[in-house]
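Trainee: Before anything else, here's the structure in question.
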Amino acid sequence: MFTKLNAWLITRFPLLWNTRVVFVLPLVLLIHGLFYLAGYSQKVDFSDLKNSRFFNAEEVILFSCLITVVILLIWMVHYLRNNPLKAHYPIKKAYMFGEFMLLFLVFFSSATFFFTYRQGLYDQTKGFTDSADLVEEANTINLAYHFIPLETDNFRPFRSCDSLKARKERGQARLLLYNLAVKQGKASHTEYMENEPEPNLDSIPPSYLYYCRLMIHTLDTGTPASSEENSRRVVNWLKTGRKDSVLHALNRLKVLLIKYDIGHVFDPLSRTDSVFAYPDFYVGSDYFSKYSEYEEPMPTDSKQVSQFIENDDLTDSISMIERVRKGFWQYEILLIMLYYAMGAAIVLYSF
Amino acid sequence: MQHAFSTHIREVLTHYETADHGLALRRLLDCAIETRDPVVFAETLAFCDWNDTLGMDEGAFRLDKVRPLLEQIERVGIKDPYQGPKEVLAVENVAKKYAKSGFQISNLNFSLELSKISGLVGENGNGKTTLLRLLASELKPDSGKISYFFPEGMQDAYSLKTKLIYIEQRIPRWYGSLMDNLQFTVSHYHDKPEENRLWTEIMIARLGLRPYRHLTWGRLSSGYRTRFELAKTLLRRPKILLLDEPLANLDIVAQQTILQDLKFMANSVSAPFAMILSSQHIYEVEKVSDSIIFIRDGVARYDAKSGNADQAESESQLILELEVNASREALKAALDPLGLSRIQYNGGVYLLHFSAATSSSEVLGTLAKNEVETLYFRNISQSSRRFFHQ
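Just so you know, the sequences run in chain order A and B. Counting from 82, one number per residue, gives the positions in the first sequence under our numbering. Counting from 251, one number per residue, gives the positions in the second sequence under our numbering.
Quick look at the structure:
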């Protein structure tokens, strides 16, 4: 069969015979198929999404490069055997253009095995992430973090949503005063900064009432509740003593932490108790970290449990799902591949 | 034209009748190629298959097998006999100097016609390859003009090289089987794919490569590699063929066969070509050449066949090469009465110059009468060999 195909090609399609694309392209397609299957058959779940290298596994990139080099070397050994241009055979411009395009095709197709693997992995990932309601999960996270004091500054009054406008006005007034003082030569910059009075609000202890931030601001797939909405809801829970609502919000966060396999030492019940432990919902002194590697969790029976949530991993997981839904094609890398294939084809063609 | 073709076919039959089977088959294939007819090709190849089954048993050959084929070839006749201009190459006052070595060839003036063969002879390092490379457009002359006349016209340098083929002394390596390589070449020259294999097979048969068609470079002897290169070249239908030392890798029988084949094929009625052939094998080359270009120190001299000035000189004397087991004095004494004007000895053979009135048979007779045992004798009065002694 091979001999017959060879004889048929050499007489009817000498270009295809000489470039060996009839053999190399099916081989490349087959390898693409295998790479896709390898990607698609990966056992993945939500817990893998926090890994930023999940779709860029270096070992797969290395292996695909190795396969590319082997294929190109074997192919070039055969391709370079006959050069009708160097032999001064009468060849048409269409033949030359066709030859260049085939070289380009071989280079491009053989350099993109990794992308096929990634496409398989994306398709597999997309399959099980379709069910995730990202808006709901973002709201859960945003709401729950009202009760998790990663940085106490975020719980100070001037951070509160209600004080946003006041904070802005205060900032402008301070800037005006500063400018007047410095320009009129009444004080140097350093003197002014040293003598500037502390804002009154900064002296008030941090409280869960004043938190007004979003862990996840925007989503391409929907709009999470705004910081003001969340803040109003939380203030309402706190002022009406809705401990069960706070616990429920933290429990839902815990579910997400487990779902995405986010590193944490986090007890919703003790956290809820902590929120309601001080007057005016002041933030207590129990330590909460977003890094696990700096602090070993203390024994659970301790009164002040050191807790942590690797919340960057959590937000990364959500954005990874968004990337999967948008499609993974990174056009800049695709463009680089096209440039590479074109450059390599030009070099080989002029060889 | 048809008459000449019929004569040609009768010659083939005569060769078979006189049991010159090798020559007959080669000429039969020439006739078949002239027809360019796929049916004739197929029939001829079938005949070749049958012929191969005979092996060395020439007694089993049957004329009734070849007669119908020859009749069919004659009936089909020559397709598209060439009717264009004869002259394909004109070299006028061409000179080339190498700046580094200071070597130069100069004053080159000759022309070449289709179906004609020019032998290019000379000692090593005297400019033969330089001349061939000039003609092949691989070198640019410092002065003078090289003109090519092809009926299809010549658009550019690439177009020139599709019709002018230069085969270097060292044949470049090729990969894959001989058959694949030839078929690939044919695919660029023949539009009908279904005839590709027939053309390839017929040329393989013509150059005696049938048993080796599926072999690769590594498994072929250098002589067969030369034949392969010629087969590939002839499939390209050249108008000018430049061969640099093609006989270097061939045994004496193969040299004669190849040269004669080239002569036959250059004389093709449908696809004639002109050829310049450089070689150290002067006598073999002279047998097939229509003219000889002798180069020494970059200066060309032209043989009598070309009708140039050196003809008068060669006709004015008898020049012989002679190897005898007698002393120089004894030889001189024996031949002086015949008008020996000059005697040279190079350690192996004597070179004897006589006046044109003396004949070579007289010299041989005198040697016999004086009981001088003659080991080697050649009349080189008309051969460019004489230039080597000057």
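Backbone N, C-alpha and C define an ideal beta-carbon position, used for all residues, glycine too.
With the cut-off set at 8 Å, would you say residue 357 of chain B and residue 549 of chain B are in Cβ contact?
Mentor: Numbered from its first residue, the second sequence carries residue 357 of chain B at position 107. Numbered from its first residue, the second sequence carries residue 549 of chain B at position 299. Yes.
Trainee: I want to verify the contact list: residues of chain B whose CB lies under 7 Å from the CB of residue 162 of chain A, in sequence order.
Mentor: Position 81 of the first sequence, counted from the start, is the residue given in the question as residue 162 of chain A. Going along chain B in sequence order, the residues near residue 162 of chain A (Cβ under 7 Å) are 425, 426.
Trainee: By DSSP, does residue 237 of chain A sit in helix, in strand, or in coil?
Mentor: Counting from 1 along the first sequence, the entry for residue 237 of chain A is found at position 156. Three-state DSSP puts residue 237 of chain A in coil, outside helix and strand.
Trainee: Exposed or buried, which one is residue 380 of chain A when buried takes at least 16 other CB atoms within 10 Å?
Mentor: The residue labelled residue 380 of chain A in the question sits at position 299 within the first sequence. Low confidence applies here, because residue 380 of chain A scores a pLDDT of 47, under 50, leaving its location unreliable and the question unanswered by this model.
Trainee: May I have the straight-line CA-CA distance separating residue 205 of chain A from residue 132 of chain A, to the nearest angstrom?
Mentor: Mapped onto the first sequence, residue 205 of chain A falls at position 124. Mapped onto the first sequence, residue 132 of chain A falls at position 51. Taking the straight line joining both Cα atoms gives about 16 Å.
Trainee: When DSSP labels each residue in this structure, what does residue 258 of chain B get in the three-state scheme?
Mentor: Stepping through the second sequence from its first residue, residue 258 of chain B is reached at position 8. Helix at residue 258 of chain B.
Trainee: Leaving aside the five residues before and after residue 312 of chain A along the sequence, list all residues of the same chain whose C-beta is less than 6 Å from its C-beta, in chain order.
Mentor: Position 231 of the first sequence, counted from the first residue, corresponds to residue 312 of chain A. Excluding sequence neighbours, residue 312 of chain A sits near 242, 293.
Trainee: What's the gap between the Cα of residue 512 of chain B and the Cα of residue 162 of chain A?
Mentor: To locate residue 512 of chain B, count along the second sequence from 1; it is residue 262. To locate residue 162 of chain A, count along the first sequence from 1; it is residue 81. Straight-line Cα distance between these residues: approximately 28 Å.
Trainee: What do you get for residue 267 of chain B, buried or exposed, if any count of 16 or more other CB atoms within 10 angstroms of its CB means buried?
Mentor: As a first step, residue 267 of chain B must be located in the second sequence, where it is residue number 17. With fewer than 16 Cβ atoms within 10 Å of its Cβ, residue 267 of chain B is classed as exposed.
Trainee: In three-state DSSP terms, what is residue 380 of chain A?
Mentor: Here residue 380 of chain A corresponds to residue number 299 of the first sequence, with the count starting at 1. Unreliable placement is indicated for residue 380 of chain A, whose pLDDT of 47 sits below 50; no coordinate value is reported for it.
Trainee: How is residue 360 of chain B classed by DSSP in three states: helix, strand or coil?
Mentor: If you number the second sequence from 1, residue 360 of chain B lands on position 110. Residue 360 of chain B: strand per DSSP, three-state reduction.
Trainee: Cβ atoms of residue 109 of chain A and residue 190 of chain A: under 8 Å apart, would you say?
Mentor: Taking the first residue of the first sequence as 1, we reach residue 190 of chain A at position 109. Taking the first residue of the first sequence as 1, we reach residue 109 of chain A at position 28. Yes, these two residues count as a Cβ contact at 8 Å.
Trainee: Inspect the CB distances between the segment 443–462 of chain B and the segment 86–100 of chain A and report whether three or more fall short of 8 Å.
Mentor: At 8 Å Cβ cutoff, the stretches touch.
Trainee: Counting only runs of 3+ residues fully inside the segment 330–395 of chain B, write out the beta strand (DSSP E) ranges in chain order.
Mentor: DSSP runs (the beta strand (DSSP E)) wholly in the segment 330–395 of chain B: 337–347, 354–363, 367–371.
Trainee: DSSP state of residue 544 of chain B, grouped into three classes?
Mentor: Numbered from 1 along the second sequence, position 294 holds the residue referred to as residue 544 of chain B. Strand.
Trainee: Going by the CB atoms, is the gap between residue 467 of chain B and residue 477 of chain B shorter than 8 Å?
Mentor: Position 227 of the second sequence, counting from 1, holds the residue named residue 477 of chain B. Position 217 of the second sequence, counting from 1, holds the residue named residue 467 of chain B. No; because the gap between Cβ atoms is not below 8 Å, this pair is not in contact.
Trainee: Which chain A residues are close to residue 434 of chain B, counting only those with a beta carbon under 8 Å from its beta carbon?
Mentor: To locate residue 434 of chain B, count along the second sequence from 1; it is residue 184. Ordered by position in chain A, the residues that pass the 8 Å Cβ test against residue 434 of chain B are 91, 95, 98, 99, 163, 165.
Trainee: Using DSSP's beta-bridge definition, name the partner residues of residue 646 of chain B.
Mentor: Residue 646 of chain B is absent from the model: chain B starts at 251 and stops at 640.
Trainee: Given that residue 172 of chain A touches chain B, what residues does it touch there, using C-beta distances under 8 Å?
Mentor: For the purposes of this step, residue 172 of chain A is identified with residue 91 of the first sequence, where counting begins at 1. Correct list: 438.
Trainee: In the segment 439–451 of chain B, which residues sit with their C-beta less than 8 Å from some C-beta in chain A, listed in chain order?
Mentor: Listed by position, the residues of the segment 439–451 of chain B near chain A (Cβ gap below 8 Å) are 439, 443, 444, 446, 447.
Trainee: Using the Cβ count rule (16 or more neighbours within 10 Å means buried), how would you classify residue 333 of chain B?
Mentor: Position 83 of the second sequence holds residue 333 of chain B. The residue in question, residue 333 of chain B, is exposed, as its Cβ has fewer than 16 Cβ neighbours within 10 Å.
Trainee: Quick check for students: name the residue ranges of the beta strand (DSSP E) that lie wholly in the segment 415–463 of chain B, counting only runs of 3 or more.
Mentor: Counting only runs of 3 or more, we get nothing.
Trainee: Please report whether the beta-carbon of residue 113 of chain A lies at a distance below 8 Å from any beta-carbon of chain B.
Mentor: Locating residue 113 of chain A in the first sequence gives position 32, where the first residue counts as 1. So no, residue 113 of chain A is outside the interface.
Trainee: Determine, for residue 412 of chain B, whether the minimum Cβ-Cβ distance to residues of chain A falls below 8 Å.
Mentor: The count along the second sequence starts at 1 and reaches residue 412 of chain B at position 162. Yes, because at least one Cβ of chain A sits closer than 8 Å to the Cβ of residue 412 of chain B.
Trainee: Using the three-state DSSP reduction, which class does residue 151 of chain A fall into: helix, strand or coil?
Mentor: The count along the first sequence starts at 1 and reaches residue 151 of chain A at position 70. Residue state, collapsed to three classes: helix.
Trainee: With a Cβ-Cβ cutoff of 8 Å, do residue 315 of chain B and residue 291 of chain B count as a contact?
Mentor: Position 65 of the second sequence, counting from 1, holds the residue named residue 315 of chain B. Position 41 of the second sequence, counting from 1, holds the residue named residue 291 of chain B. No, they are not a contact pair.
Trainee: Can you confirm whether residue 408 of chain B, when its beta carbon is compared against all beta carbons of chain A, has any partner nearer than 8 Å?
Mentor: As a position in the second sequence, residue 408 of chain B is number 158, starting the count at 1. By this cut-off, residue 408 of chain B is an interface position.
Trainee: Quick check: the segment 207–222 of chain A against the segment 293–305 of chain A, are there 3 or more CB pairs under 8 Å?
Mentor: Enough Cβ pairs lie closer than 8 Å, so yes.
Trainee: Hey, does residue 430 of chain B have any beta-carbon neighbour from chain A nearer than 8 Å?
Mentor: Taking the second sequence and counting its residues from 1, one reaches residue 430 of chain B at position 180. So, interface residue.
Trainee: Between which residues of its own chain and residue 482 of chain B is the CB-CB distance below 8 Å, once the five residues before and five after are set aside?
Mentor: Against the second sequence, residue 482 of chain B aligns to sequence position 232. Cβ neighbours of residue 482 of chain B beyond the five flanking positions: 431, 432, 435.
Trainee: Tell me residue 390 of chain A's beta-bridge partners as DSSP assigns them.
Mentor: If you number the first sequence from 1, residue 390 of chain A lands on position 309. Beta-bridge pairing links residue 390 of chain A to A/345.
Trainee: Measuring only the C-alpha atoms, how far is residue 372 of chain B from residue 106 of chain A?
Mentor: Translated into the one-based positions of the second sequence, residue 372 of chain B becomes position 122. Translated into the one-based positions of the first sequence, residue 106 of chain A becomes position 25. Roughly 53 Å between the two C-alpha positions.
Trainee: On the premise that residue 505 of chain B lies in contact with residue 531 of chain B, defined as a C-beta separation below 8 Å, what is that separation, rounded to the nearest angstrom?
Mentor: In the second sequence, the residue the question calls residue 531 of chain B occupies position 281. In the second sequence, the residue the question calls residue 505 of chain B occupies position 255. Indeed, because the Cβ distance is near 6 Å, the residues count as touching under 8 Å.
Trainee: Pull up the DSSP beta-bridge partners for residue 398 of chain B, would you.
Mentor: Numbered from its first residue, the second sequence carries residue 398 of chain B at position 148. DSSP, once it has assigned bridges, lists B/339 as partnering residue 398 of chain B.
Trainee: Taking Cβ positions, are residue 113 of chain A and residue 210 of chain A nearer each other than 8 Å?
Mentor: Walking along the first sequence from the start, residue 113 of chain A turns up at place 32. Walking along the first sequence from the start, residue 210 of chain A turns up at place 129. No, these two residues do not count as a Cβ contact at 8 Å.
Trainee: If you count every other CB in all the chains shown that lies within 10 Å of the CB of residue 557 of chain B, and 16 or more means buried, which is it?
Mentor: Along the second sequence, read from residue 1 onward, the residue named residue 557 of chain B stands at position 307. Any answer about residue 557 of chain B is weak, because its pLDDT of 42 lies below 50 and its placement is not dependable; what the coordinates show is given next. The residue is exposed, with fewer than 16 neighbouring Cβ atoms inside 10 Å.
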